[in-house]
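Visitor: If you're matching positions, the sequence shown starts at 1246 in this note's numbering and goes up one per residue. Once you've had a glance at the structure underneath, I'll fire off some questions.
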Amino acid sequence: MIENIKQYISEAENYTSDKVDEIEEFRIKYMSKKGGIVTNLFKDFRNIPAEDKKEYGQILNQLKNAVENKVNVLKSALKTVDAGKKDLDLTLPGDSVNLGTRHPISIVRNEIIEIFNRLGFAIAEGPEIEDDWHNFSALNFPKEHPARDMQDTFFVETNPDILLRTHTSNGQVRVMENNDPPIRIIVPGRVFRNEAISARAHCIFHQIEGLYIDENVSFADLKQTLLYFAKEFFGEETKIRLRPSYFPFTEPSAEVDISCTLCGGKGCNVCKYTGWLEILGCGMVDPNVLESSNIDSEKYTGFAFGMGLERIAMLKFGIKDLRLFFENDVRFLSQIQ
Ligand code: PHE
């Protein structure tokens, strides 16, 4: 019996392996609670004659220690080998983490918001699902007026009074209804028009609206505010030009061009050789609009403007197809930071 155990000890001491599951097999063969060699030998202990018990016990403990020792040694050798395989060098710089980028429309929106914040404009928001009053009627669009057709509205089928807002001007109305002048806000948001999707148009796009109402607000204030914006956003050398236009909610109304961001006004294919690029619509708030929201049009005047963010982002980043903003292809998005 003792000889057998000595045999096991030398087997255990000589055993070697560099594979986890083999080492585990070795451990189980000796130590398993059910049928392990060491376990069984301990069970036999009580059958050993009293005078042999001491020697038997000692040698059995030797076997147990030899096995446990071997398992530990082999396992820790494994760990070092593993670490060695990976060439672990803690002094090397870590792998860089790929950070995402902001969407170009967000970049442009944030920059515009920041510029107008510096002029004291606060941010307001209106709902994307709107009623006729806030999107049209309160903005001086008479019922049946052709100006409504220009906006290619998506209506909710079951209720023609409910629609997807066609512009962020609904935000103007909601702020005027709930606040007394002075009012100085910008309204960024998503708008919807039933237009065919092309390189220059989409049925969903983004606008930023501006509204300033106080005593003695003049057209000169509007022009100066827009000039400041254009220079801050497109560069100090930028010029603006205002052309007469029409919106039901402003009188007089104008469309604003900036000098071409590419050729500086000399004429190129971006500005179609005019030297100018249209960026927004604006005007003095029509007194009817003020009155619709219970603002005294004898006391207060104001200006408003609205610009499309996709258009501005296209100019800023030299992007030729508006659809790219909606496809969310990371190869495109990550180029613009
Ligand atoms: N709401 C107009 C549009 O969507 C833009 C605009 C806003 C014009 C405010 C004048 C004043 O085209």
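Note that beta-carbon positions come from the ideal geometry of N, C-alpha and C, so glycine has one too.
1. Following the continuous beta strand (DSSP E) through Lys-1507, name the residue where it begins and the one where it ends.
2. Relative to the C-alpha of Asn-1317, which candidate in Thr-1261, Glu-1359, Asn-1343 has its C-alpha closest?
3. Which residues in the same chain as Ile-1581 place their Cβ atom closer than 6 angstroms to its Cβ, once the five residues preceding and following it in sequence are excluded?
4. According to the Cβ coordinates, are Gly-1528 and Ser-1490 closer than 9 angstroms?
5. Less than 9 angstroms between the C-beta atoms of Leu-1535 and Glu-1500, yes or no?
6. Check Glu-1543 in the structure and name its three-state DSSP category.
7. Hey, is His-1451 close to ligand 1, as in C-beta under 8 angstroms from one of its heavy atoms?
8. Assign Met-1552 to buried or exposed, taking buried as 16 or more other Cβ atoms, counted over all protein chains shown, within 10 Å of its Cβ.
9. My guess is that Cys-1448 and Phe-1464 are in contact by the Cβ rule of under 8 angstroms, so how many angstroms apart are they, rounded?
10. For Arg-1242, which option in Ser-1537, Glu-1543, Ile-1540, Cys-1516 has the closest C-alpha, if you only look at C-alpha atoms?
11. Kindly indicate which three-state DSSP category Tyr-1253 falls into: helix, strand or coil?
12. Verify whether the separation of the beta carbon atoms of Ala-1549 and Phe-1494 is less than 9 angstroms.
13. Mind checking Arg-1347: buried by the 16 CB within 10 Å criterion, or exposed?
14. Using a Cβ-based criterion (distance less than 8 angstroms to any ligand heavy atom), does Ala-1369 qualify as near ligand 1?
15. On the three-pair Cβ rule with 8 angstroms, is the segment 1272-1291 touching the segment 1333-1340?
16. Looking at ligand 1, does it come within less than 8 angstroms of Gly-1547, judged from the CB to the closest heavy atom?
17. CB Arg-1456 to CB Arg-1429, shorter than 9 angstroms?
18. Quick one: is the Cβ of Leu-1525 within less than 8 angstroms of any heavy atom of ligand 1?
19. Once you ignore the five residues that flank Leu-1594 on each side, which residues in its own chain have a CB closer than 8 angstroms to its CB?
20. Is Glu-1454 helix, strand or coil by DSSP?
21. Is Ser-1351 near ligand 1, in the sense that its beta carbon is under 8 angstroms from a heavy atom of that ligand?
22. Quick one, are the C-beta atoms of Ile-1602 and Pro-1405 less than 9 angstroms apart?
23. Taking its Cβ as the centre, do 16 or more other Cβ atoms sit within 10 Å of His-1390, making it buried, or is it exposed?
24. Nearest by alpha-carbon distance to Glu-1319: which of Ile-1247, Glu-1258, Gly-1480 is it?
Guide: According to the structure data:
1. Looking at the sequence shown, residue 1507 is not Lys but Leu. Unbroken run through Leu-1507: none, as it is neither H nor E.
2. Thr-1261
3. Pro-1349, Phe-1562
4. yes
5. no
6. coil
7. With a cut-off of 8 angstroms, the C-beta of His-1451 is classified as distant from ligand 1, since no heavy atom of the ligand falls inside that distance.
8. buried
9. Going by Cβ atoms, the distance from Cys-1448 to Phe-1464 rounds to 33 angstroms, so no, they are not a contact pair.
10. Outside the modelled stretch of the chain, which goes from 1246 to 1582, sits residue 1242, for which no answer is possible.
11. helix
12. yes
13. exposed
14. Because no heavy atom of ligand 1 lies under 8 angstroms away, the Cβ of Ala-1369 does not count as near it: no.
15. no
16. no
17. Per the sequence shown, residue 1456 should be read as Leu rather than Arg. It is a contact, given that the beta carbons lie within the stated cut-off.
18. yes
19. Missing from the structure shown is residue 1594; the chain here goes from 1246 to 1582 and no further.
20. It is a strand residue.
21. no
22. There is no way to answer for residue 1602, as the model of the chain reaches only from 1246 to 1582.
23. With fewer than 16 other Cβ atoms within 10 Å, it is exposed.
24. Sequence inspection shows Leu at residue 1319; the Glu mentioned does not correspond to that position. When only C-alpha atoms are compared, the closest one is Glu-1258.
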